[in-house]
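A.B. asks: Please find one structure pasted underneath; my questions will follow.
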Amino acid sequence: MAKNTVHPWALKNVPDQTGKTFVITGANSGIGLTAAIALASKNAKLVMACRNLQKAETAKQEILQTAPNASVDIVELNLSDLKSVNQCAETINANYDQIDCLINNAGLGWIDREETTDGFEMHIGTNHFGHFALTSQLIGLLKKAPNARVVSIASLAHYWGRIHFNDIQLNQKYGRARGYGQSKLANLMFGLELQRQFDQNNVNIKSLIVHPGMSGTNITNAALEAGNFKQLAKISNAMAPFLSQSPALGCLPTLQAATAPDVQGGEYFGPKYAFEVFGTPKKARIAKHAKNTVDAAKLWHLSEELTGVNYQESLAG
Numbered sequence: 466m467a468k469n470t471v472h473p474w475a476l477k478n479v480p481d482q483t484g485k486t487f488v489i490t491g492a493n494s495g496i497g498l499t500a501a502i503a504l505a506s507k508n509a510k511l512v513m514a515c516r517n518l519q520k521a522e523t524a525k526q527e528i529l530q531t532a533p534n535a536s537v538d539i540v541e542l543n544l545s546d547l548k549s550v551n552q553c554a555e556t557i558n559a560n561y562d563q564i565d566c567l568i569n570n571a572g573l574g575w576i577d578r579e580e581t582t583d584g585f586e587m588h589i590g591t592n593h594f595g596h597f598a599l600t601s602q603l604i605g606l607l608k609k610a611p612n613a614r615v616v617s618i619a620s621l622a623h624y625w626g627r628i629h630f631n632d633i634q635l636n637q638k639y640g641r642a643r644g645y646g647q648s649k650l651a652n653l654m655f656g657l658e659l660q661r662q663f664d665q666n667n668v669n670i671k672s673l674i675v676h677p678g679m680s681g682t683n684i685t686n687a688a689l690e691a692g693n694f695k696q697l698a699k700i701s702n703a704m705a706p707f708l709s710q711s712p713a714l715g716c717l718p719t720l721q722a723a724t725a726p727d728v729q730g731g732e733y734f735g736p737k738y739a740f741e742v743f744g745t746p747k748k749a750r751i752a753k754h755a756k757n758t759v760d761a762a763k764l765w766h767l768s769e770e771l772t773g774v775n776y777q778e779s780l781a782g
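For what it's worth, the numbering used here labels the leading residue of the sequence shown as 466, then goes sequentially.
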């Protein structure tokens, strides 16, 4: 009997997306832009939700060079300002009939301590709370699409990340790795809990989570310069040319989660090789503490309290 061969998942595996609308946060650079170009080439309608409108327009022109007939809209979104998040959601709800996939891609990392407009520590405020609030307000449009999906971008950093419930804003103790790790663990836990919420409320939307491995993006480059891991940074810098991958490869887990017909809600995808650092996508490992459903529910309720959104209204509506 011939042995079944599983071929690596690649861009050619992205199905035609004619008639489907994708909202991508941070689609003006890095993995977000690369994914947007790939989706546009497969006839998807794109909504780029970006903070910098000038950069977004430049990125839009780059997309149109590859896919001249693509439908590409730009909506302003500053994830570090809940007022902007709410306005973005209002704009999208007013102008689109449905959303087939929301890709919560935007993020920042490895910065000195700052606060968002709403007083949140910048990492968790932007990477988690902003996306948490946005997703809640777009569930109505997602429910109108058959087989809709929400894709959250996590990171290998979730392994060292911890949710500091007694100091969620990291006022007592701050470090760039501490802030980034907490926010990326929150992204993963949110994606897993979101699927549980969909299941409990009989909502036909899939929540999937991905990570890009060690990709040559702005956040990865900043991480390599972080002083908290000087020895690791030296090793990583030396190995980067051999282990890191381009955004074209780094975006494959996102594209698989967003478009592959055989994925299941709650699945987590990342690169295949070298402890999930690089390569084509596969199902990724989830750290034990990220699977803690009690902590996930606690984070969920805290996030609702701090952002002022009510998921139950969106899920039941």
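Note that CB positions come from ideal geometry on N, CA and C, so glycine has one too.
Hey, how far is the Cα of Val479 from the Cα of Gly644?
C.D. replies: Locating residue 479 in the sequence shown gives position 14, where the first residue counts as 1. Locating residue 644 in the sequence shown gives position 179, where the first residue counts as 1. Roughly 34 Å between the two C-alpha positions.
A.B. asks: With DSSP as the reference, please indicate the residues paired to Pro736 in a beta bridge.
C.D. replies: Within the sequence shown, numbered from 1, the residue matching residue 736 stands at position 271. DSSP, once it has assigned bridges, lists Pro746 as partnering Pro736.
A.B. asks: Based on Cα-Cα distance, which residue from Ala535, Ala524, Thr490 and Thr745 lies nearest to Leu504?
C.D. replies: Position 39 of the sequence shown, counted from the start, is the residue given in the question as residue 504. Looking at the Cα atoms, Ala535 is the closest of the given residues.
A.B. asks: Measure the Cβ-Cβ separation of Lys609 and Gln660 and say whether it is below 7 Å.
C.D. replies: Residue numbering aside, residue 609 sits at position 144 when the sequence shown is read from its first letter. Residue numbering aside, residue 660 sits at position 195 when the sequence shown is read from its first letter. No; because the gap between Cβ atoms is not below 7 Å, this pair is not in contact.
A.B. asks: Cβ of Gly678 within 7 Å of Cβ of Leu650?
C.D. replies: Reading the sequence shown from its first residue, position 213 is the one you call residue 678. Reading the sequence shown from its first residue, position 185 is the one you call residue 650. No; because the gap between Cβ atoms is not below 7 Å, this pair is not in contact.
A.B. asks: Just the C-alpha distance for Pro718 and Ala622, rounded to the nearest angstrom, thanks.
C.D. replies: Numbered from its first residue, the sequence shown carries residue 718 at position 253. Numbered from its first residue, the sequence shown carries residue 622 at position 157. Distance between the alpha carbons of Pro718 and Ala622 is about 16 Å.
A.B. asks: Under 8 Å: do the region 512–520 and the region 482–502 share three or more Cβ pairs, one atom per stretch?
C.D. replies: yes
A.B. asks: For Leu635, does the three-state DSSP call read helix, strand or coil?
C.D. replies: As a working mapping, residue 635 is identified with position 170 in the sequence shown. The answer is coil: DSSP assigns Leu635 none of H, G, I, E or B.
A.B. asks: Nearest to Ile751 by CA position, among Glu732, Gly744 and Asn669, is which residue?
C.D. replies: Along the sequence shown, read from residue 1 onward, the residue named residue 751 stands at position 286. Ile751 has its Cα closest to that of Glu732, out of Glu732, Gly744 and Asn669.
A.B. asks: For Asn612, tell me which candidate among Lys737, Lys756 and Thr724 has the shortest Cα-Cα distance.
C.D. replies: Taking the first residue of the sequence shown as position 1, residue 612 is located at position 147. Closest in C-alpha terms to Asn612, from the list Lys737, Lys756 and Thr724, comes Thr724.
A.B. asks: Do you know whose CA, among His766, Ile557 and Leu780, lies nearest Phe594's CA?
C.D. replies: For the purposes of this step, residue 594 is taken as residue 129 along the sequence shown, with counting starting at 1. The shortest C-alpha separation from Phe594 is found at His766.
A.B. asks: I'd like the span of the alpha helix (DSSP H) that includes Leu607, first residue to last.
C.D. replies: One-based indexing of the sequence shown puts residue 607 at position 142. His596 to Lys608 is the span of the alpha helix (DSSP H), which, as asked, contains Leu607.
A.B. asks: Who pairs with Arg614 in a beta bridge, going by DSSP?
C.D. replies: As a position in the sequence shown, residue 614 is number 149, starting the count at 1. For Arg614, which the question treats as bridged, DSSP gives the partners Cys566 and Lys671.
A.B. asks: Please give the ranges of any alpha helix (DSSP H) in the region 514–552, keeping only runs that are unbroken, at least 4 residues long and fully inside the region.
C.D. replies: 518–531
A.B. asks: Would you call the CB atoms of Thr556 and Cys716 closer than 7 Å?
C.D. replies: Position 91 of the sequence shown, counted from the first residue, corresponds to residue 556. Position 251 of the sequence shown, counted from the first residue, corresponds to residue 716. No, these two residues do not count as a Cβ contact at 7 Å.
A.B. asks: Which partner residues does Phe487 have in the DSSP bridge list?
C.D. replies: Counting from 1 along the sequence shown, the entry for residue 487 is found at position 22. DSSP lists Leu511 and Cys566 as partners of Phe487.
A.B. asks: Indicate whether the contact test is met: 3 or more Cβ pairs, each with one atom in the region 573–581 and one in the region 522–537, closer than 8 Å.
C.D. replies: no
A.B. asks: Which one or two residues does DSSP pair with Glu580 in a beta bridge?
C.D. replies: Start at 1 with the first residue of the sequence shown, and residue 580 comes out as number 115. The partner list for Glu580 (beta bridge, DSSP) reads Glu586.
A.B. asks: Hey, is Ala509's beta-carbon within less than 7 Å of any beta-carbon in chain B?
C.D. replies: The structure shown contains no chain B; it holds only a single protein chain.
A.B. asks: Please classify Pro736 as buried or exposed, where buried requires at least 16 other C-beta atoms within 10 Å of its C-beta.
C.D. replies: Sequence index remark: in the sequence shown, residue 736 carries index 271 (1-based). The residue in question, Pro736, is buried, as its Cβ has 16 or more Cβ neighbours within 10 Å.
A.B. asks: Looking at the unbroken alpha helix (DSSP H) that takes in Ala723, where does it start and where does it end?
C.D. replies: To locate residue 723, count along the sequence shown from 1; it is residue 258. Leu717 to Thr724 is the span of the alpha helix (DSSP H), which, as asked, contains Ala723.
A.B. asks: Ignore the nearest five residues each way along the sequence and tell me which others in Asn570's own chain have a CB closer than 6 Å to its CB.
C.D. replies: Here residue 570 corresponds to residue number 105 of the sequence shown, with the count starting at 1. Excluding sequence neighbours, Asn570 sits near Ile489, Thr490, Gly491, Gly497 and Ile618.
A.B. asks: Determine the extent of the alpha helix (DSSP H) in which Gln729 is found, giving its start and end residues.
C.D. replies: Taking the first residue of the sequence shown as position 1, residue 729 is located at position 264. No alpha helix (DSSP H) contains Gln729, which DSSP labels as neither H nor E.
A.B. asks: Looking at Asp565: is its Cβ nearer than 7 Å to the Cβ of Lys485?
C.D. replies: Indexing the sequence shown from 1 puts residue 565 at position 100. Indexing the sequence shown from 1 puts residue 485 at position 20. Yes, Cβ-Cβ distance for Asp565 and Lys485 is below 7 Å.
A.B. asks: Report back the beta-carbon spacing between Ala755 and Leu653 to the nearest angstrom; my notes put them in contact at under 8 Å.
C.D. replies: Mapped onto the sequence shown, residue 755 falls at position 290. Mapped onto the sequence shown, residue 653 falls at position 188. That belief holds up - the Cβ atoms of Ala755 and Leu653 are roughly 5 Å apart, short of 8 Å.
A.B. asks: With distances taken between CB atoms, is the gap from Gln530 to Lys507 smaller than 7 Å?
C.D. replies: Counted from its first residue, the sequence shown places residue 530 at position 65. Counted from its first residue, the sequence shown places residue 507 at position 42. Cβ atoms of Gln530 and Lys507: not closer than 7 Å.
A.B. asks: What is the DSSP secondary structure of Gln710, reduced to helix, strand or coil?
C.D. replies: Your numbering for residue 710 matches position 245 in the sequence shown. DSSP, reduced to helix, strand and coil, places Gln710 within a strand of the structure shown.
A.B. asks: If we call anything under 7 Å between Cβ atoms a contact, is Ile589 one with Ser648?
C.D. replies: Here residue 589 corresponds to residue number 124 of the sequence shown, with the count starting at 1. Here residue 648 corresponds to residue number 183 of the sequence shown, with the count starting at 1. The answer is yes: Cβ separation under 7 Å.
A.B. asks: Just to confirm before moving on: does the CB-CB distance between Ile674 and Phe663 stay below 7 Å?
C.D. replies: Translated into the one-based positions of the sequence shown, residue 674 becomes position 209. Translated into the one-based positions of the sequence shown, residue 663 becomes position 198. No, these two residues do not count as a Cβ contact at 7 Å.
A.B. asks: Please list the terminal residues of the continuous alpha helix (DSSP H) segment that includes Asp664.
C.D. replies: What you label residue 664 is simply residue 199 of the sequence shown in a count that begins at 1. Here the alpha helix (DSSP H) through Asp664 covers Arg641 to Gln665.
A.B. asks: Under the rule that 16 or more other beta-carbon atoms within 10 Å means buried, what is Lys510, buried or exposed?
C.D. replies: Taking the first residue of the sequence shown as position 1, residue 510 is located at position 45. With 16 or more other Cβ atoms within 10 Å, it is buried.
A.B. asks: Thinking C-alpha only, which one of Gln721, Asp727, Ser711 and Leu603 is nearest Phe743?
C.D. replies: Here the question's residue 743 lines up with position 278 in the sequence shown. The shortest Cα separation from Phe743 among Gln721, Asp727, Ser711 and Leu603 belongs to Ser711.
A.B. asks: Hey, would you say Trp474 sits closer than 7 Å to Gln721, going by beta carbons?
C.D. replies: Stepping through the sequence shown from its first residue, residue 474 is reached at position 9. Stepping through the sequence shown from its first residue, residue 721 is reached at position 256. Cβ atoms of Trp474 and Gln721: closer than 7 Å.
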